[in-house]
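One structure is given here, and the rest of the page talks about it.
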Amino acid sequence: MRGETKKQSTMLSLRTPDERVPADHPLRRVKDLADGALGMLSETLEGMYSQQGRPSIPPEQLLKASLLMAFYSVRSERLFCEQLDYNLLFRWFLDMGIEDASFDHSTFSANRQRLLEHEVAKRFFAAVVEQARKGRLMSDDHFSVDGSLIEAWASVKSFRPKAEDKRKPPDDPGNPSVNFRGEKRSNETHESKTDPDSRLARKGDGKEARLAYTANALMENRNGLLVDFLVEPADGYAERRGAISMLKALKKKRVTVGADKGYDTGGFVQDCRELGVTPHVAQTSDHRRRSAIDRRTVRHPSYLVSQRIRKRIEEIFGWMKTVGGFRRTRYRGRDRTQLAAYFVGAAYNLLRVAKLQAAT
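Position 292, counted from 1, in the sequence shown is what my numbering calls 588; the numbers after and before it change by one each time, with no gaps.
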């Protein structure tokens with residue numbers, strides 16, 4: 297029998313968003329982990345707001361909204377707030393009822409500086425890492441490090457000389473005509489007028505140069521979880537500088553770190569040894585320079601294991617750029633880009649931890 301379309305909508309509903317979400321939905325385990333991490337930040341979140349005045353949007357909702365944007369590849373905060381009006385899954389994840397009004401996209405901008413001042417994103421990422429460590433899902437002895445370029449939210453047209461005369465008005469303020477032919481441009485003489493923290497960089501020989509940041513990831517080798525995620529200016533030394541900074545933050549001795557041949561420099565290897573870290577760096581095959589890794593390192597079987605497992609760090613960057621929406625940052629400035637990096641890194645870890653817990 298053919299069904300008929302109901303013309304009159306239901307005036308009263310007794311179903312909650314929790315009842316609409318399947319009991320075996322994979323996001324349920326992720327939600328429990330996220331709520332547990334946010335519970336560790338209760339005192340920090342309490343100190344962010346005044347005890348007087350009109351109640352604001354709960355910061356827990358804003359943090360979990362950033363996770364949803366990474367999970368479901370939502371390209372902007374404005375689009376997320378639009379979907380929040382009709383997406384019951386989003387409302388359930390944010391602990392909102394069907395009748396609750398969704399917040400405006402400007403709420404993210406209004407609270408971003410507050411999150412930066414209290415380092416909430418960094419603390420939340422560390423809480424997720426601590427959950428994985430307590431669950432014995434992370435290695436304490438073997439790590440891998442790598443870096444990748446993240447495109448800046450700035451056009452190459454904004455890369456102008458530092459001493460440029462600003463009194464000369466452009467022919468078109470929205471999209472000025474720019475001719476770079478015959479002009480030598482470098483980070484020493486030029487800078488972006490819209491995002492001064494970004495740097496002109498390219499991925500390799502023959503590739504086009506773009507304004508970008510360098511994202512450095514530190515991965516543990518047991519389950520491929522992200523231990524630290526650091527954004528640095530793309531100046532050519534950011535990968536090695538960021539790797540040493542993250543290894544110092546570990547405050548551990550007698551650990552190994554796997555890396556590709558881009559880290560095969562005397563300075564990086566020496567810094568690792570001074571920190572008590574064994575550098576399992578791929579030996580360079582270029583005949584123009586000698587490898588800084590000698591036989592006392594490559595002779596051990598653990599060196600081959602590190603070289604095999606370190607390639608899994610590319611999976612982290614692949615997920616972040618294709619699913620997490622971090623191929624190009626949505627914000628201007630290094631601080632705000634670092635804020636987004638921590639949220640995307642926490643989203644990746646939450647998915648991995650939930651999957652590993654389900655398997656065990």
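Backbone N, C-alpha and C define an ideal beta-carbon position, used for all residues, glycine too.
Exercise. Considering only residues of the same chain and omitting the five flanking positions on each side of I540, which have a CB-CB separation below 6 Å?
Worked result: Here residue 540 refers to the residue found at position 244 when the sequence shown is read from its first residue. For I540, where only same-chain residues beyond five positions count, the Cβ hits under 6 Å are D567.
For this session: Please look up how many angstroms separate the CB atoms of D493 and G629, rounded, as I've assumed it's under 8 Å.
Result: Mapped onto the sequence shown, residue 493 falls at position 197. Mapped onto the sequence shown, residue 629 falls at position 333. Between G629 and D493 the Cβ distance is about 5 Å, and since that is below 8 Å, they are a contact.
For this session: Count the CB pairs spanning the segment 580-599 and the segment 331-341 that are closer than 8 Å, and state whether there are at least three.
Result: no
For this session: Tell me, please, whether the segment 351-359 touches the segment 616-630 by the rule of three or more beta-carbon pairs shorter than 8 Å.
Result: no
Exercise. In terms of residue numbering, what span does the alpha helix (DSSP H) encompassing L364 cover?
Worked result: In the sequence shown, the residue the question calls residue 364 occupies position 68. Counting along the chain, the alpha helix (DSSP H) containing L364 begins and ends at 355-367.
For this session: Hey, could you find the ends of the alpha helix (DSSP H) F399 is sitting in?
Result: In the sequence shown, counting from the first residue as 1, residue 399 sits at position 103. Neither: F399 is in no alpha helix (DSSP H) and is coded neither H nor E.
Problem set entry | A643 beta carbon less than 8 Å from that of F367 | Taking the first residue of the sequence shown as 1, we reach residue 367 at position 71. Taking the first residue of the sequence shown as 1, we reach residue 643 at position 347. Cβ atoms of F367 and A643: closer than 8 Å.
For this session: Provide the residue(s) that pair with T618 in DSSP beta bridges, ordered along the chain.
Result: Locating residue 618 in the sequence shown gives position 322, where the first residue counts as 1. DSSP output for T618 lists no bridge partner at all.
Exercise. Which first and last residues belong to the beta strand (DSSP E) in which V441 is found?
Worked result: In the sequence shown, the residue the question calls residue 441 occupies position 145. V441 -> beta strand (DSSP E) spans 438-447.
Problem set entry | Three-state secondary structure assigned by DSSP to Y509 | Taking the first residue of the sequence shown as 1, we reach residue 509 at position 213. The answer is strand: DSSP assigns Y509 an E or B state.
For this session: Out of G393, V425, R506, state which residue places its alpha-carbon closest to the alpha-carbon of V452.
Result: Position 156 of the sequence shown holds residue 452. Checking every option, the nearest Cα to that of V452 belongs to R506.
Exercise. With C-beta atoms as the reference, is N512 less than 8 Å away from L496?
Worked result: Within the sequence shown, numbered from 1, the residue matching residue 512 stands at position 216. Within the sequence shown, numbered from 1, the residue matching residue 496 stands at position 200. No.
For this session: Note the first and the last residue of the continuous beta strand (DSSP E) segment covering G554.
Result: In the sequence shown, counting from the first residue as 1, residue 554 sits at position 258. Unbroken beta strand (DSSP E) run through G554: 551-555.
For this session: Compute the Euclidean distance between the alpha carbons of G431 and I446, then round it to the nearest angstrom.
Result: For the purposes of this step, residue 431 is taken as residue 135 along the sequence shown, with counting starting at 1. For the purposes of this step, residue 446 is taken as residue 150 along the sequence shown, with counting starting at 1. Approximately 31 Å, taken between the alpha carbons.
Exercise. Could you give the distance in angstroms between the alpha-carbon of D396 and the alpha-carbon of L323?
Worked result: One-based indexing of the sequence shown puts residue 396 at position 100. One-based indexing of the sequence shown puts residue 323 at position 27. Between D396 and L323, the C-alpha separation is close to 21 Å.
Problem set entry | Element boundaries [beta strand (DSSP E), containing E504] | Mapped onto the sequence shown, residue 504 falls at position 208. E504 -> no beta strand (DSSP E), and no H or E assigned at all.
For this session: Using beta-carbon positions only, say whether R606 and G558 come within less than 8 Å of one another.
Result: For this step, residue 606 is matched to residue 310 along the sequence shown. For this step, residue 558 is matched to residue 262 along the sequence shown. No; because the gap between Cβ atoms is not below 8 Å, this pair is not in contact.
For this session: Would you kindly report the start and end of the unbroken alpha helix (DSSP H) that includes R374?
Result: For the purposes of this step, residue 374 is taken as residue 78 along the sequence shown, with counting starting at 1. Unbroken alpha helix (DSSP H) run through R374: 373-380.
For this session: Could you round the C-beta distance between S435 and E516 to whole angstroms and report it? I think they count as a contact, below 8 Å.
Result: In the sequence shown, the residue the question calls residue 435 occupies position 139. In the sequence shown, the residue the question calls residue 516 occupies position 220. Right, their Cβ atoms sit about 5 Å apart.
Exercise. Using DSSP with H/G/I as helix, E/B as strand and the rest coil, what is T580?
Worked result: In the sequence shown, the residue the question calls residue 580 occupies position 284. DSSP places T580 in coil when its eight states are reduced to three.
Problem set entry | Whole-number beta carbon distance between Y509 and T618, since they are thought to touch under 8 Å | Taking the first residue of the sequence shown as position 1, residue 618 is located at position 322. Taking the first residue of the sequence shown as position 1, residue 509 is located at position 213. Not a contact, Cβ separation roughly 18 Å.
Exercise. So V649 packs on L329, CB below 8 Å; how close in whole Å?
Worked result: If you number the sequence shown from 1, residue 649 lands on position 353. If you number the sequence shown from 1, residue 329 lands on position 33. About 6 Å separates the two Cβ atoms, so the contact holds.
Problem set entry | Backbone CA spacing between G661 and G532 [nearest angstrom] | Any property of residue 661 remains undetermined from this structure, which presents the chain solely from 297 to 656.
Problem set entry | Spatial neighbours of P457 in its chain, beta-carbon cut-off 7 Å, leaving aside the 5 residues before and after | The count along the sequence shown starts at 1 and reaches residue 457 at position 161. Around P457: T485, H486.
For this session: State yes or no: is the C-beta of N407 within less than 8 Å of the C-beta of L521?
Result: Numbered from 1 along the sequence shown, position 111 holds the residue referred to as residue 407. Numbered from 1 along the sequence shown, position 225 holds the residue referred to as residue 521. Contact flag unset, no.
For this session: Decide if F386 is buried, meaning its Cβ has at least 16 other Cβ atoms within 10 Å, or exposed.
Result: For this step, residue 386 is matched to residue 90 along the sequence shown. Burial call: buried.
Exercise. Is F439 closer than 8 Å to L514 when the C-beta atoms are compared?
Worked result: For this step, residue 514 is matched to residue 218 along the sequence shown. For this step, residue 439 is matched to residue 143 along the sequence shown. Yes, the Cβ-Cβ distance between L514 and F439 is below 8 Å.
Exercise. Which two residues bound the contiguous alpha helix (DSSP H) that contains R567?
Worked result: In the sequence shown, counting from the first residue as 1, residue 567 sits at position 271. Contrary to the premise, residue 567 reads as Asp rather than Arg in this sequence. Residues 562-570.
Exercise. Which residues in the same chain as A534 place their Cβ atom closer than 6 Å to its Cβ, once the five residues preceding and following it in sequence are excluded?
Worked result: For this step, residue 534 is matched to residue 238 along the sequence shown. Excluding residues within five positions, the ones whose Cβ falls inside 6 Å are T510, E528.
Exercise. Does the pairing of the segment 536-550 with the segment 567-577 give three or more beta-carbon distances under 8 Å?
Worked result: yes
Problem set entry | As assigned by DSSP and simplified to three states, the class of S541 | For the purposes of this step, residue 541 is identified with residue 245 of the sequence shown, where counting begins at 1. The answer is helix: DSSP assigns S541 an H, G or I state.
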